[in-house]
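Listed in order, the protein sequences are those of chains A and B.
Counting along the first sequence from 1, when you hit position 3 you're at -4 in the numbering used here, and nothing is skipped either side.
Positions in the second sequence are counted from 1; adding 44 to them yields the numbering used here.
Every residue, glycine too, gets a C-beta built ideally from N, C-alpha and C.
In what follows, a single structure is set out as structure tokens and then discussed.
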Amino acid sequence: AQTVTQSQPEMSVQEAETVTLSCTYDTSESDYYLFWYKQPPSRQMILVIRQEAYKQQNATENRFSVNFQKAAKSFSLKISDSQLGDAAMYFCAYRSSGANSKLTFGKGITLSVRP
Amino acid sequence: DAGITQSPRHKVTETGTPVTLRCHQTENHRYMYWYRQDPGHGLRLIHYSYGVKDTDKGEVSDGYSVSRSKTEDFLLTLESATSSQTSVYFCAISESGSRSGNTIYFGEGSWLTVV
Chain A
-6 AQTVTQSQPE MSVQEAETVT LSCTYDTSES DYYLFWYKQP PSRQMILVIR
44 QEAYKQQNAT ENRFSVNFQK AAKSFSLKIS DSQLGDAAMY FCAYRSSGAN
94 SKLTFGKGIT LSVRP
Chain B
45 DAGITQSPRH KVTETGTPVT LRCHQTENHR YMYWYRQDPG HGLRLIHYSY
95 GVKDTDKGEV SDGYSVSRSK TEDFLLTLES ATSSQTSVYF CAISESGSRS
145 GNTIYFGEGS WLTVV
């Protein structure tokens, strides 16, 4: 079974600075998808970014980018120019590419942004 | 935003009573999921569906049942609610398990308190 590990329960960053959130996963599959979701206090789950394992290029969405290291099974999220609205819980998630595949989440990390 | 509606959004019920949560989608997506979120556990899969009348168990399915009689609705039932089922429940949908539609979108959550 796949597992997703987020070892840092909390992190803090100064506004306008850069922060990196770590995630590792364990799988025996070669084709899969990885995601970062943001959950603000409203509890809405918001997709931040996704990465296809077959793509070598790291995904980027505006201020958000990932460092995908397939051999190391690592998938970190970098937030540049941090804003107060980035404060939230962030979840890393894994999904295999097969039919009937499920999304497996890490336990999440709480990010606070200092003004 | 994905067209996902959960109802009720908030409910307080007594131990031993049956409870049904409804997830309704307007996207005609094939896959639907029920997750629960608890502190320190991230989101954990309860049940999922990969088509009408096709369902399967997730990692925390004990005490829960589901039904999907039509594409747009996925019902989660607690036959006899217990205090351990106090949680936030999220419905999610996904177009397919193929490369073209692997992103999973979430509803706004249903807060259930069992007293």
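{"Query": "When the Cα atoms are used, what is the spatial distance from L120 of chain B to L156 of chain B?", "Result": "12 Å"}
{"Query": "Determine whether the beta carbon atoms of S90 of chain A and Y25 of chain A lie at a separation below 8 Å.", "Result": "yes"}
{"Query": "Can you pull the chain B neighbours of K100 of chain A, defined as C-beta to C-beta under 7 Å?", "Result": "G84, H85, G86"}
{"Query": "Should the segment 35 to 53 of chain A be regarded as contacting the segment 91 to 108 of chain A, the criterion being three or more beta carbon pairs within less than 8 Å?", "Result": "no"}
{"Query": "Can at least three beta-carbon pairs, one atom from the segment 120 to 140 of chain B and one from the segment 74 to 84 of chain B, be found at a separation below 8 Å?", "Result": "yes"}
{"Query": "Is S35 of chain A closer than 8 Å to S105 of chain A when the C-beta atoms are compared?", "Result": "no"}
{"Query": "Which value, in whole angstroms, describes the spacing of the CA atoms of S105 of chain B and Q129 of chain B?", "Result": "11 Å"}
{"Query": "Straight-line CA distance for H54 of chain B to L122 of chain B?", "Result": "15 Å"}
{"Query": "Take T57 of chain B as the anchor and find which of B:E116, B:S131, B:L87, B:G153 has the nearest alpha-carbon.", "Result": "B:S131"}
{"Query": "Check each residue of the segment 88 to 114 of chain B: if its Cβ is closer than 8 Å to any Cβ of chain A, include it; give the result in chain order.", "Result": "R88, L89, Y92, Y94, D100, G102"}
{"Query": "Going by the CB atoms, is the gap between C85 of chain A and V12 of chain A shorter than 8 Å?", "Result": "no"}
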